[in-house]
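In order, the protein sequence lines correspond to chains B and U. The first sequence begins at 4 in the numbering used here and counts up by one. The second sequence begins at 4 in the numbering used here and counts up by one. Cβ coordinates follow ideal geometry from the N, Cα and C atoms, glycine included. Notes to accompany the following structure.
2 protein chains.
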Amino acid sequence: MEARKIFLPEDKMPTKWYNILADIKMNPPLGPDGNPVSPDQLAPVFPMNLIEQEVSTERWIDIPEGVLDVLRMWRPSPLIRARALEAALGTPAKIYYKNEGVSPPGSHKPNTAVPQAYYNKEFGIKRITTETGAGQWGSALSFACAQYGLECRVYMVRISFDQKPYRKTMMEAWGGKCVASPSNETKAGREVLEKDPNTPGSLGIAISEAVEAAVSDTSGETRYSLGSVLNHVMLHQTIIGLEAKEQLKIAGDYPDVVIGCAGGGSNFAGISFPFVYDKINGKDIEILPVEPAACPTMTRGPFVYDHGDTAGYTPLLPMYSLGHAFVPAPIHAGGLRYHGMSPTVSQLATEGIISPRAVGQVEAYEAGVLFARTEGIIPAPETNHAIAQAVAEARRAKEEGKEKTILFNFSGHGLLDLAAYEKYFSGKMENFEISDEELEKSEAVFKDYPKPQLVKSR
Amino acid sequence: MEARKIFLPEDKMPTKWYNILADIKMNPPLGPDGNPVSPDQLAPVFPMNLIEQEVSTERWIDIPEGVLDVLRMWRPSPLIRARALEAALGTPAKIYYKNEGVSPPGSHKPNTAVPQAYYNKEFGIKRITTETGAGQWGSALSFACAQYGLECRVYMVRISFDQKPYRKTMMEAWGGKCVASPSNETKAGREVLEKDPNTPGSLGIAISEAVEAAVSDTSGETRYSLGSVLNHVMLHQTIIGLEAKEQLKIAGDYPDVVIGCAGGGSNFAGISFPFVYDKINGKDIEILPVEPAACPTMTRGPFVYDHGDTAGYTPLLPMYSLGHAFVPAPIHAGGLRYHGMSPTVSQLATEGIISPRAVGQVEAYEAGVLFARTEGIIPAPETNHAIAQAVAEARRAKEEGKEKTILFNFSGHGLLDLAAYEKYFSGKMENFEISDEELEKSEAVFKDYPKPQLVKSR
């Protein structure tokens, strides 16, 4: 028999996260005064234990037992050898994927939702607020809060709230409260509703509401949580790549190419940072974040200082950005519709340690359907982008007659995204690309901001 | 650390199915002439290798390597110790569940869809037809057919087809073709549509269409497939219980109570038959199939000869039945809305080896939501019935101060059933029960049929 899955036993699960801040140099985030933001300035938004993690430069950070215990509900996740996909492609390449779809909410998001809920609980917080676009993050945080007895309040972008009512139900199944944003609960929301009662909402508005709801709770018992972009989020996700490394060791293998789709950067960071560490230390390995062609942050945007949110409330972050007011085309991969990119991922791209790629929506779905028909699992729209790149690499290996080993992150399943597949099957799915003119326009927002240094980590 | 999951490695997966026909005596199925049905009479409907399996009395039947290889995509499925649920209940009982939701279609159904597709392929069949109600079975068979390059045509009950468009998309993702039933493709369908163009359809009509489509293909390359009730389906599902036994051995445990929800009987048979074998051989163990109160086949129906389908096309099967024309109330657990019960499961109930229970819909959802908030996974509506019984047993153990070990089958996840949860959360979910009068009326259909013997296996 040929094994399909490579399992790590629970007692071999990593007990430390890998912190890439130990190995790269970064531009600091800047406050409204143009000076680096201090931890104290973030204290009303995040609990101090998470802020400390955000700025830590320790290479290895212990995962608390109280976090491990919940992660063990589904972790270690299986590493799967995609034998059926390889056979369909007739490629000499070996393709492995890490299946993060096995978590109860169905994606990699709980890898950080669980520790974030845990640290908030430890800090005495009773209630967490957040925003969600398509709903993956709000689901994951609701699930995590249920595990620690925390309240969870999710501001969901109105148009997604209306289009995807099941996401709200899913959050409710875990005890989370989901409201459409803009809402009447916050000043930010009310102001938008006054001007336009029928607004579809936006992630920028939802962030503003969630942050306001957290900082305006005078009891001090509420904090805000973010599902991507920040350093501590990337840190928590590294358990994916650390496990994958152990599992590949069991299989007697090591990747030539590591692939993850990239929106804010967290699932890509999760699979790749442990391999970035190897690359920095001399390993010859290609590391490819894959963006949608409709939101080509790293492949077409510049490395600048820009805000993380549309309203401009967050500090200025050193990152690739299409401009914080950029509204990406309505592709189905909602999780990849983000104007910026995690500063750590951005830094690696500026140094040429990772090599961003862009994939069109239709190509992504072609690959996703091929994957479903061979490997059996229906992928999330975001995940299809990583699959498309893996398929392209496997086809190149065939052309070149090379026995490459490809590893990609299967960031989540698509069982709540079947409407998008229906559109694909009915031939109604479009590709979106943006013109240079549009890009130039959207990038005008940061032209007067400070510029980051081109730091070299070595 | 305390382990959450008990994994069996792939190379410890069972390589034989357990055939309960070796250990119980049965009344034979009867043809239209009142005589036992011969294998030859079934040949236009099923491939002969599956018919042989249907009538085999060998205790252990080899699982072909070509089946094992596909099952290894997700099997062995994890056995999970429900520590968080136990803690929430404050019970001294240990609760284990076998998570069949990890299969790509999300339920136990592929355990038989895969071997059925395999044996059809081996027999030279090119195309399989089937019916589906809520869509679980049609999804599973589409998935399985994709693995062996077979065409799959699914007749889906019109009302479900309209209410659950995503199920059709899911089948299409695996290359299956799903049509609303009644359709214009078959004589049976056209006759119904002529009388009532707006009919919501029924499982009985869909079965008639699927069977007709198979037997009327003059090329001889098409056969029909059924997802429950039949002996070979129960056989294929026993891999669940066989794995669970091995996993409990690893945990150093053995169940006092084994629980599965029961519609046609297949997931219940899967988890329980290997333990029935132990019980027949002297083990003291309670084995509980759980029905919905709205369709109480074994708890309120008689053991009779009745048809498996509404139209009366199938042989007469010895089973508990509410009458083949019985239309159960519209509970959300579509997979439990079946008038009859697998003959093997029925035989065990007549002998008192298993002890049927009935649970109301609202109670089932209460338990399902408790499960989601503790164990993290959102269960299918059918599965909620098994969970409700497990919770009741754990509460009884608490009252009695007993350290019982409870095992139940988590037959599938509920990610495509969130509309039902929405109804539950909004307080609009109803309980359904049937009056004795209604039952008497629905059971009139079989009053002139032959009566089965009360066979004792030992």
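Reduced DSSP secondary structure (H/G/I, E/B, other) of residue i
i	result
B:ARG226	strand
B:SER269	helix
B:PRO50	coil
U:LYS444	helix
U:ASP165	helix
B:LEU33	strand
B:MET16	coil
U:ASP65	strand
U:ASP309	strand
B:ARG86	helix
B:ILE262	strand
U:ALA328	coil
B:ARG170	helix
B:ALA247	helix
C-alpha gap between residue i and residue j, whole angstroms
i	j	result
B:GLY230	U:PHE435	42 Å
B:ASP285	B:LEU339	The identity of residue 285 of chain B in the sequence shown is Gly, whereas the question assumes Asp. Roughly 31 Å between the two C-alpha positions.
B:ASN234	B:LEU320	11 Å
U:PRO67	U:THR18	8 Å
U:TYR427	U:VAL365	8 Å
B:SER228	B:ILE381	29 Å
B:TYR100	B:ILE290	14 Å
B:LEU325	B:GLY207	14 Å
B:VAL40	B:THR317	10 Å
B:VAL105	U:THR377	17 Å
B:SER349	B:MET322	5 Å
U:ILE23	U:GLU55	15 Å
U:MET51	U:GLY37	23 Å
U:PRO47	U:GLU57	15 Å
Residue i: first and last residue of the uninterrupted alpha helix (DSSP H) it sits in
i	result
U:SER349	346-353
U:ARG193	190-198
U:PRO42	42-45
B:MET301	300-303
U:THR377	364-378
U:THR408	Unbroken run through U:THR408 is the beta strand (DSSP E), 408-413; no alpha helix (DSSP H).
U:VAL160	No alpha helix (DSSP H) contains U:VAL160, which is instead part of the beta strand (DSSP E) from 154-160.
B:VAL394	384-403
U:LEU319	That residue, U:LEU319, is in no alpha helix (DSSP H); its beta strand (DSSP E) goes 319-323.
B:VAL218	206-218
U:GLU125	113-125
U:LEU144	139-151
U:TYR427	421-428
Where the beta strand (DSSP E) containing residue i begins and where it ends
i	result
B:SER184	180-184
U:VAL232	Per DSSP, U:VAL232 belongs to no beta strand (DSSP E) and is neither H nor E.
U:THR132	130-135
U:LYS101	97-102
U:LEU291	289-295
Contact belief for residue i with residue j at Cβ below 8 Å, rounded distance in angstroms
i	j	result
U:ALA87	U:GLU406	U:ALA87 to U:GLU406, Cβ: 18 Å. No contact.
B:SER3	B:LYS28	In the structure as shown, chain B begins at 4 and stops at 461. Residue 3 of chain B is therefore absent and cannot be evaluated.
U:SER414	U:VAL232	Contact doesn't hold; Cβ gap of about 16 Å is too wide.
B:GLY311	B:PHE276	That belief does not hold up - the Cβ atoms of B:GLY311 and B:PHE276 are roughly 20 Å apart, past 8 Å.
B:GLU212	B:ALA191	5 Å
U:THR135	B:TYR424	Wrong, their Cβ atoms sit about 18 Å apart, outside the cutoff.
B:TRP20	B:THR241	5 Å
B:SER184	B:MET159	6 Å
U:THR115	U:SER269	7 Å
B:ARG170	B:GLY204	Incorrect: roughly 14 Å between the Cβ atoms, too far for contact.
U:VAL293	U:ALA400	Wrong, their Cβ atoms sit about 17 Å apart, outside the cutoff.
B:SER145	B:ALA383	So it is not a contact: roughly 18 Å between Cβ atoms.
Cβ of residue i within 8 Å of any chain C Cβ
i	result
B:PRO50	The chain labelled as chain C is not found among the protein chains of the depicted structure, namely B and U.
### Near-chain B residues of the region 94-115 of chain U (beta-carbon distance less than 9 Å), N- to C-terminal order
Residues of the region 94-115 of chain U with a Cβ closer than 9 Å to any Cβ of chain B, in chain order: VAL105, SER106, PRO107, PRO108, GLY109 and PRO113.
### Query
Mind listing which residues of the region 359-380 of chain U have their C-beta closer than 9 Å to chain B's C-betas, in chain order?
Within the region 359-380 of chain U, those residues whose Cβ lies closer than 9 Å to any Cβ of chain B are, in chain order, GLY371, VAL372, ALA375, ARG376, THR377, GLU378, GLY379 and ILE380.
### Query
Taking Cβ-Cβ distances below 8 Å as the criterion, which residues of the region 426-452 of chain U are in contact with chain B?
Listed by position, the residues of the region 426-452 of chain U near chain B (Cβ gap below 8 Å) are PHE428.
### Query
Using a beta-carbon distance cut-off of less than 9 Å, what residues from the region 174-196 of chain B approach chain U?
Cβ contacts with chain U come from GLU175, ALA176, TRP177 and GLY178.
#### Entry: Interfacial residues, the region 301-328 of chain U to chain B, with Cβ spacing under 9 Å
Listed by position along the chain: nothing, the set is empty.
### Interface positions of the region 10-36 of chain U facing chain B (Cβ-Cβ less than 8 Å), listed along the chain
So the list reads PHE10, PRO12, GLU13 and ASP14, given in the order they occur along the chain.
#### Entry: chain B contacts from the region 203-219 of chain U (Cβ-Cβ distance under 7 Å)
From the region 203-219 of chain U, no residue has a Cβ closer than 7 Å to chain B.
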